[in-house]
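Novice:
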Amino acid sequence: MSDTTQNGPMLAADGTPLKRSLNRALRRQKLRALMLIAPLLIFVLVTFIAPIADMLFRSVENQIVSDTLPTATEVLEDWDHTTGTPPGEEVYEALYYDLYLAAEARAHTRLGTRLNYEYTGVSSLFRSTGRGLEDLGEEYQDILEDADDSWGEGAFWYELMTGTGDTDASLVREHRARLQALENARLTGDVGFAPSVEIMELLPQTTFAYTDFAVFTALMDEDVVAEEDPWEGVYAGLAQDLQTADLSGYDGPGAEALVAAQQTLAEQAEPINYTAFFESEDEDWLNPDIWATIQTYSSNYTGGYFLNAVDMQLTPDGIEMRPDGQRLYMVLFQRTLFMSLTITLSCILLGYPVAWLLANLPASKANLLMILVLLPFWTSLLVRTSAWKVMLQQQGVINDVLVWLGLVDDAARLVMINNQFGTIVAMTHILLPFMILPLYSVMQGIPPSYLRAAKSLGATNWTAFWRVYFPQSVPGIGAGSILVFILAIGYYITPEIVGGRTGTFISNRIAYHISSSLNWGLAAALGAILLAVVLLLYWAYDRIVGIDNVKLG
Amino acid sequence: MALTIAKPTSAIFAAGVAAVFGAFFGIFVGTAQGSGLLGFVAGGAVIFALAWVLATFMREQQKAARWGLAVIFIVAGFLFAGLPGAVTGAIFGVFFGWLTFFVASGRYRTEIPPYATPRQVLWHYAFRIIAGLILVFLITPILVVMPLSFNAEDFFTFTPEMLAFDPEGYSLKHYRDFFTNSDWQGALWNSVRIAPVATILAVGFGTLAAIGLSQPHVPFRQAIMAILISPMIVPLIISAAGMYFFYSRIGLQGTYLGVVLAHAALGIPFVIITVTATLVGFDRSLTRAAANMGADPVTTFFRVQMPLILPGVISGGLFAFITSFDEVVVVLFVGSAGQKTLPWQMFIGLREQISPTILAVATILVCISICLLATVELLRRRSERLRGMSPS
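As they're listed, the protein sequences go chains A and B. FYI, my numbering numbers position 358 of the first sequence as 388, with every residue one higher than the one before it. FYI, my numbering numbers position 127 of the second sequence as 212, with every residue one higher than the one before it.
See the structure below:
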């Protein structure tokens, strides 16, 4: 046995080198540990980390503009907003057809709401224009149908657009993708339509509009395209195409009708003018500022929500502060920080004596008093908040006692709720145990003999405390403060109930944007900033105390 | 443990100390009756006289003296303000009887080193009073809610009938409302349906992971720990916002499953923390011994490891349970009307249609938390005992 150890590498019982055998055992051990952790890790990643990541994503996500107005934003790219003139006819043309589909899908108001965050008034502009879009096409539709009834028939149109020669499905695919982006859903199913190559070249705008109609009819309304009359927008497209189209080489279905239509339109109708149409719908469409806003926010990702969250805005000329009257969030952040600090300080002031008392009493008495600390800790948050609401109200217990004692006049009862005072008192009470418990565990570890030694060396009570005891209790204060501060800064329920208007936190604003104003992007941006602050503090807490040392109860 | 031998003090001193308190309370009684200054002087003088009499003539008959004082105060209080006065009188009588003899017999010095100066003694007791007041601050809201839940009126404050201890002023009607109102019963049922399932999920996954994490060689231990603890650190409103966005994307928003998953995620850190804390004291040679005697890993886990870490697992489970049972922010966003839990119903009650039934529910919840607190405390003691048995 000694031979092998002296000559070669040390061998394990099965003959493999010991080093490799040990490594393999270590690897297996690591793998087993990971296998035990994996289910939970996956669970937390899916149910918790993914939602947080989703929220962060939403704070910069801005596809809505380019999803709703894909062509218009593309054409608009070449426009220079500094000229101070509205963009050219081609932008209005693209806007008409983009908006038409969006209005059919009822997505234009969503875009209006989105852009309204950046430029007030856009929302009503989009809503009112969305209702009037059909008017432009209807004019041409009436003229065409008066001349030839077949223009009002779905089957005729279908035959015209499908043609007899080659068809090209790529346009349908493109428009299906557009509609999917608008509806935010996967649309499966057969459209049952593909425009003929010939018609596509001859009547490009008509094909564009008709394809939108066909895709929407087949996928959203779930009707047969050939049986439905096309949208008014398609007639507008036809009118535009026929102004310039050279029909002489075309002999597919409906060739005669097209030639006749070209003639009728040339005689009876004004040439189509999209700019004038939009101007008649609302003069604001000629306002270059609106177009500049659309252009600024046409990218897929934006820092606009974050800028909003710190009272700035992204304008076509760069980043600038919001006007004074609209600055809201910095005040709110400052208030949140100020109130959280006040709450933390009051928790230190109130928690320190209690923790000291608990740490210096004999164990049996300390355990008894500990119940008084732990009972509120274990009591439902709602119970404690409702208790404070009951106590602080103007007709509540504290005011009643003060009035009974004659300290406060019955007519001049103190206002202690629905303001900052109410929030601070209630939250100090709620978070106090989180300060007392870490302080207590640190103070328990400070030997009382140090204080006695200091005193026997001639220190006064105060010096002994301040120079000897207090420095040793600082880690406890640090741990407790960070814990209380982290909890306070993100509190929602208590400020919501006792905070009124002036005592609310940034979290209340986040909730408001999620459930009432539906500005999810801004809510996500505010949340991301709050999260960054909390994670920074968490990291500090980890460095000072260590997450492994968190103790409960 | 007495640091100092009690030496009786002079009657004047004891009466003086009592008079300070008497004057202090006198201010309040005085202001309530019209004149604070008069109350201050009268309170001080009366208490001084009574305490001096007790400390001078009745030092040997402490018990009788204290009873006597209490009776005098009760009678005076009753004549002055009826039944509530008698109760207040009883409290004051017992307090001043105790205080007078506590000072007069010198017992107040026993806890303080003999070399302490009078100022230090004064500070010692002032400090206790301050700390006591803070503890009262901690407990008062709960103590106020309990009696108010028996209010016969729909008020959130003590009615004159209640203060007069008139049975007419008390009733169980808010409790009756809680047990008969379909809104509250539905909410209770939802809470009972959600919390245990979330707890089971959290405990199941959490215990396994905690065992994995306490193995000697775990790669990326810090990072994994940070991820698993994060639901406790991230503010609830952010978790709620993220879950709302994400769960509506995947169709879990407004479903029972969504709420259960969200609550399980929130409860996991508590399970991890308590179970890893228990596992720190776990003696690994026990599992090796079990394996040595032929037990396979599963048997070892259930017959050796599990019974020893069970207290930690159960208290982690209780934490997870109370987290889910108390949680309102996340369920407010992730849930829909069909998942309205008890805290949610309370939240609505507090924000919109403030109804005193909330106080009855609050009292019931406080009783539940007292039971849970007692259970956790017992488990902690048992865990310490078990750990003490195993050599570490």
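Beta carbons: idealized from backbone N, C-alpha and C, even for Gly. Treat the numbers as computed from the prediction; the structure is a model and nothing was measured.
#1: What does the Cβ neighbour count give for aspartate 33/A, buried or exposed, with the cut at 16 atoms within 10 Å?
#2: Provide the residue(s) that pair with asparagine 236/B in DSSP beta bridges, ordered along the chain.
#3: Can you look up aspartate 33/A in the DSSP assignment and give me helix, strand or coil?
#4: Serine 226/A bridges to which residues according to DSSP?
#5: Could you give the first and the last residue of the continuous beta strand (DSSP E) run that contains glutamine 425/A?
#6: Run through the segment 45-82 of chain A for me and flag every whole alpha helix (DSSP H) of 4 or more residues, listed as ranges in chain order.
#7: From proline 226/B to leucine 164/B, what distance separates their C-alpha atoms?
#8: Serine 547/A versus chain B: which residues are under 7 Å apart at the beta carbon?
#9: Under a Cβ-count criterion, where at least 16 other Cβ atoms within 10 Å of its own Cβ denotes burial, should glycine 423/B be classed as buried or exposed?
#10: Candidates Leu469/A, Leu99/A, Gly182/A and Thr218/A: which alpha carbon is nearest leucine 141/A's?
#11: Taking 8 Å as the cut-off, does the segment 251-265 of chain A touch the segment 156-169 of chain A (at least 3 CB pairs, one atom from each stretch)?
#12: From the DSSP output, in three-state form, read off glycine 348/A for me.
#13: Would arginine 467/B count as contacting chain A if we go by Cβ distances under 8 Å?
#14: What does the alpha-carbon distance come out to for the pair cysteine 456/B and phenylalanine 264/B?
#15: Does any residue of chain A have a CB that is nearer than 8 Å to the CB of tyrosine 329/B?
#16: Mind reading off the beta-carbon distance from lysine 419/A to leucine 393/B? Whole number of angstroms is fine, and I expect it under 8 Å.
#17: Any Cβ of chain B within less than 8 Å of the Cβ of threonine 415/A?
#18: Consider the Cβ of phenylalanine 264/B: report whether some Cβ of chain A lies at a distance smaller than 8 Å.
#19: Considering only their Cβ atoms, is the gap separating threonine 116/B from leucine 399/A smaller than 8 Å?
#20: Which residues in the same chain have their Cβ closer than 6 Å to the Cβ of glycine 107/B, if we skip the five residues on either side of it in sequence?
#21: Hey, which unbroken runs of the alpha helix (DSSP H) at 4 residues or more fall wholly within the segment 235-279 of chain A?
#22: Does the beta-carbon of threonine 236/A have 16 or more other beta-carbons within 10 angstroms, so that it is buried, or is it exposed?
#23: Using the beta-carbon of each residue, which ones in chain A are nearer than 7 Å to proline 226/B?
#24: Checking contacts by CB at 8 Å: is phenylalanine 73/A closer than that to chain B?
#25: Ignore the nearest five residues each way along the sequence and tell me which others in glycine 254/B's own chain have a CB closer than 7 Å to its CB.
#26: Expressed to the nearest angstrom, what Euclidean distance is found between the alpha-carbon atoms of leucine 513/A and aspartate 314/A?
#27: In whole angstroms, what separates the C-alpha of methionine 143/B from that of alanine 150/B?
#28: Hey, does glutamine 205/B have any beta-carbon neighbour from chain A nearer than 8 Å?
#29: Find the residues of chain A that neighbour valine 229/B, judging by a C-beta separation of less than 7 Å, and give them in chain order.
#30: Along the alpha helix (DSSP H) that carries leucine 395/B, what are the first and last residues, could you check?
#31: Are the beta-carbon atoms belonging to valine 360/B and glycine 420/B less than 8 Å from one another?
#32: Just the C-alpha distance for valine 105/B and phenylalanine 181/B, rounded to the nearest angstrom, thanks.
#33: Can you tell which of Pro234/A, Gly219/A and Ile519/A has the C-alpha that lies nearest to the C-alpha of aspartate 251/A?
#34: What does a CB cutoff of less than 7 Å around threonine 426/B pick up in its chain, not counting 5 residues either side in sequence?
#35: What's the C-alpha gap between proline 505/A and leucine 380/A?
#36: Please report how far the alpha carbon of alanine 326/B lies from the alpha carbon of threonine 332/A, in whole angstroms.
Specialist: Here's the rundown:
#1: By 1-based counting over the first sequence, the position of residue 33/A is 3. Legend: pLDDT at aspartate 33/A = 47, less than 50; position of this residue unreliable, value from coordinates given subsequently. Counting of Cβ neighbours within 10 angstroms places aspartate 33/A among the exposed residues, the total staying below 16.
#2: As a first step, residue 236/B is located in the second sequence; it is residue number 151 there, counting from the start. Paired residues: Tyr255/B.
#3: Taking the first residue of the first sequence as position 1, residue 33/A is located at position 3. Per-residue confidence for aspartate 33/A stands at a pLDDT of 47, beneath the threshold of 50, marking its modelled position as unreliable; no derived number is given.
#4: Locating residue 226/A in the first sequence gives position 196, counting from the first residue. The partner list for serine 226/A (beta bridge, DSSP) reads Thr197/A.
#5: Residue 425/A sits at position 395 when you count from the first residue of the first sequence. Run containing glutamine 425/A: none; DSSP gives neither H nor E here.
#6: 48-74
#7: One-based indexing of the second sequence puts residue 226/B at position 141. One-based indexing of the second sequence puts residue 164/B at position 79. Going from the Cα of proline 226/B to the Cα of leucine 164/B covers about 31 Å.
#8: As a first step, residue 547/A is located in the first sequence; it is residue number 517 there, counting from the start. Chain B residues near serine 547/A: none, gap ~13 Å exceeds 7 Å.
#9: Reading the second sequence from its first residue, position 338 is the one you call residue 423/B. Label assigned to glycine 423/B: exposed.
#10: On the first sequence, residue 141/A is found 111 positions in, with the first residue counted as 1. The shortest Cα separation from leucine 141/A among Leu469/A, Leu99/A, Gly182/A and Thr218/A belongs to Leu99/A.
#11: yes
#12: Counted from its first residue, the first sequence places residue 348/A at position 318. In the structure shown, the three-state DSSP call for glycine 348/A is strand.
#13: Reading the second sequence from its first residue, position 382 is the one you call residue 467/B. No, its Cβ sits nowhere closer than 8 Å to a Cβ of chain A.
#14: Within the second sequence, numbered from 1, the residue matching residue 456/B stands at position 371. Within the second sequence, numbered from 1, the residue matching residue 264/B stands at position 179. So the alpha carbons of these two residues sit roughly 21 Å apart.
#15: Position 244 of the second sequence holds residue 329/B. Tyrosine 329/B counts as touching chain A.
#16: For the purposes of this step, residue 419/A is taken as residue 389 along the first sequence, with counting starting at 1. For the purposes of this step, residue 393/B is taken as residue 308 along the second sequence, with counting starting at 1. A Cβ-Cβ distance of about 45 Å is found for the pair lysine 419/A and leucine 393/B, leaving them out of contact under the 8 Å criterion.
#17: Translated into the one-based positions of the first sequence, residue 415/A becomes position 385. Yes, threonine 415/A counts as interfacial toward chain B.
#18: Position 179 of the second sequence, counted from the start, is the residue given in the question as residue 264/B. Under the Cβ distance rule, phenylalanine 264/B does not count among the residues neighbouring chain A, no pair being separated by less than 8 Å.
#19: Taking the first sequence and counting its residues from 1, one reaches residue 399/A at position 369. Taking the second sequence and counting its residues from 1, one reaches residue 116/B at position 31. No.
#20: For the purposes of this step, residue 107/B is taken as residue 22 along the second sequence, with counting starting at 1. Beyond the five residues adjoining it in sequence on each side, glycine 107/B comes within less than 6 Å, by CB distance, of Gly128, Gly129 and Ile132 in the same chain, given in chain order.
#21: 262-274
#22: Residue 236/A sits at position 206 when you count from the first residue of the first sequence. Buried, by the Cβ-count rule.
#23: Walking along the second sequence from the start, residue 226/B turns up at place 141. Here the neighbours are Arg414, Ala417, Trp418, Met421 and His459.
#24: Your numbering for residue 73/A matches position 43 in the first sequence. It does: the Cβ of phenylalanine 73/A has a partner Cβ on chain B nearer than 8 Å.
#25: Sequence index remark: in the second sequence, residue 254/B carries index 169 (1-based). Excluding sequence neighbours, glycine 254/B sits near Ala237, Thr244, Glu246 and Met247.
#26: Taking the first sequence and counting its residues from 1, the one referred to as residue 513/A is at position 483. Taking the first sequence and counting its residues from 1, the one referred to as residue 314/A is at position 284. Those two C-alpha atoms are separated by around 52 Å.
#27: Numbered from its first residue, the second sequence carries residue 143/B at position 58. Numbered from its first residue, the second sequence carries residue 150/B at position 65. For methionine 143/B and alanine 150/B, the distance between alpha carbons rounds to 6 Å.
#28: Along the second sequence, read from residue 1 onward, the residue named residue 205/B stands at position 120. Chain A contact via Cβ: present.
#29: Locating residue 229/B in the second sequence gives position 144, counting from the first residue. Within chain A, the residues Ala417, Val420, Met421 and Val427 have their CB atoms less than 7 Å from the CB of valine 229/B, given in chain order.
#30: For the purposes of this step, residue 395/B is taken as residue 310 along the second sequence, with counting starting at 1. Start and end: 391-411.
#31: Residue mapping note: residue 360/B aligns to position 275 of the second sequence, counting from 1. Residue mapping note: residue 420/B aligns to position 335 of the second sequence, counting from 1. No.
#32: As a first step, residue 105/B is located in the second sequence; it is residue number 20 there, counting from the start. As a first step, residue 181/B is located in the second sequence; it is residue number 96 there, counting from the start. Going by the C-alpha atoms only, they are around 11 Å apart.
#33: Here residue 251/A refers to the residue found at position 221 of the first sequence. Of Pro234/A, Gly219/A and Ile519/A, the residue nearest in Cα terms is Gly219/A.
#34: Numbered from 1 along the second sequence, position 341 holds the residue referred to as residue 426/B. Taken in chain order, the residues that qualify are Ala272, Asn275, Ser276, Ile279 and Val416.
#35: Position 475 of the first sequence holds residue 505/A. Position 350 of the first sequence holds residue 380/A. Distance between the alpha carbons of proline 505/A and leucine 380/A is about 17 Å.
#36: Stepping through the second sequence from its first residue, residue 326/B is reached at position 241. Stepping through the first sequence from its first residue, residue 332/A is reached at position 302. Distance between the alpha carbons of alanine 326/B and threonine 332/A: 20 Å.
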